[in-house]
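Asks: A single structure is presented below for examination.
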Amino acid sequence: MEVIEGIRNYGYSKYPIYNDGKCIGMLTAGTILKWMATSGIHTFVEMANVKVSDIMRIIKKDYHIMFVPKKY
Numbered sequence: 372m373e374v375i376e377g378i379r380n381y382g383y384s385k386y387p388i389y390n391d392g393k394c395i396g397m398l399t400a401g402t403i404l405k406w407m408a409t410s411g412i413h414t415f416v417e418m419a420n421v422k423v424s425d426i427m428r429i430i431k432k433d434y435h436i437m438f439v440p441k442k443y
């Protein structure tokens with residue numbers, strides 16, 4: 372899963388998820404951990420085989436997301 376690479380390489384912990392050009396939610400490191408805990412995963416998981424949509428199913432609430440430019 373490319374998200375895991377982003378967390379590892381860049382320290383990002385939140386990723387906007389798009390469907391047909393519309394942001395439909397945020398995938399966070401916490402969401403991934405919650406998915407692992409609620410999916411009965413107690414051993415090594417090959418994350419390359421996991422789809423973002425599998426993890427996003429556990430998110431039950433709507434989010435209001437605003438994108439703002441990062442100031443340097």
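If you use my numbering, the sequence shown corresponds to residues 372 to 443, in order. Heads up, the beta-carbon is just placed ideally off N, CA and C, and yes, glycines get one too. Because the structure is a prediction, the values reported are computed rather than measured.
Compare the Cα-Cα distances from Cys394 to each of Ile436, Ile430 and Pro440 and report the closest residue.
Replies: Taking only the C-alpha atoms, the option nearest Cys394 is Ile436.
Asks: With Lys385 as the anchor, note down where its beta strand (DSSP E) starts and where it stops.
Replies: Lys385 -> beta strand (DSSP E) spans Lys385 to Asn390.
Asks: Is it the case that the Cβ atoms of Met427 and Leu404 are separated by a distance below 8 Å?
Replies: No, the pair does not count as a contact, with Cβ atoms beyond the cut-off.
Asks: If we call anything under 8 Å between Cβ atoms a contact, is Ile388 one with Trp406?
Replies: Not closer than 8 Å, so no.
Asks: Under DSSP, the alpha helix (DSSP H) around Met437 begins and ends at which residues?
Replies: Unbroken run through Met437: none, as it is neither H nor E.
Asks: Would you mind reading off the limits of the beta strand (DSSP E) that contains Ile395?
Replies: Start and end: Lys393 to Thr399.
Asks: Would you tell me roughly how many angstroms separate the C-alpha atoms of Ala400 and Val439, rounded to the nearest one?
Replies: Looking at the two C-alpha atoms, the distance is approximately 21 Å.
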